[in-house]
Each structure stands twice: as structure tokens, then as C-alpha cells.
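Chemist: In the numbering used here, the protein residues as written are 18 to 80. Backbone N, C-alpha and C define an ideal beta-carbon position, used for all residues, glycine too.
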């Protein structure tokens with residue numbers, strides 16, 4: 018997940034924390050959402066980030 022975040026940040030020219038914060042990464046690891054609806058309950062993962070990165074996040078968590 019951190020490697021994905023670093024890659025996306027580099028592509029966008031921003032710091033990795035702009036993509037997803039460390040706290041949100043920990044929350045994703047702990048809650049391990051399996052569906053798009055589950056992601057709605059992850060703190061730090063607002064509507065824009067869910068729409069933009071949601072599918073990629075689920076794919077990474079499923080591997």
C-alpha cells in the first residue's frame with residue numbers, strides 16, 4: 018500500500034501524505050475494507066479519495 022501511495026504521489030508531483038495519510042493507511046490495514054461500501058467508514062478517506070483511489074485500494078488489499 019505504501020509503495021502504491023508513493024508511486025501515485027510521484028506521478029502527481031505531491032507528497033505521499035497528500036494521497037493518503039499514514040493514519041489512514043493504518044486504518045485501512047486494521048479495518049481491511051472488502052467493498053466500496055466498507056470504505057465509506059474509513060476515517061480520512063473522503064468522497065473524492067474514495068472515488069479516485071477506491072478501486073485501486075480494494076485491489077491492493079485483496080492481494
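Checking 8 angstroms against the spacing of the C-beta atoms, do residue 61 and residue 38 come in under that value?
Modeler: Yes, these two residues count as a Cβ contact at 8 angstroms.
Chemist: Helix, strand or coil for residue 63? Go by DSSP, reduced to three states.
Modeler: The answer is coil: DSSP assigns residue 63 none of H, G, I, E or B.
Chemist: Rounded C-beta distance between residue 12 and residue 44? I'm assuming under 8 angstroms.
Modeler: Limits of the chain in this structure are 18 at one end and 80 at the other, which puts residue 12 out of reach.
Chemist: Cutting at 8 angstroms between CB atoms, please list the residues of its own chain near residue 48, excluding the five before and the five after it.
Modeler: Answer for residue 48: 55, 58, 59, listed in chain order.
Chemist: In the structure shown, what three-state DSSP assignment does residue 35 receive?
Modeler: In this structure, residue 35 counts as helix in the three-state DSSP scheme.
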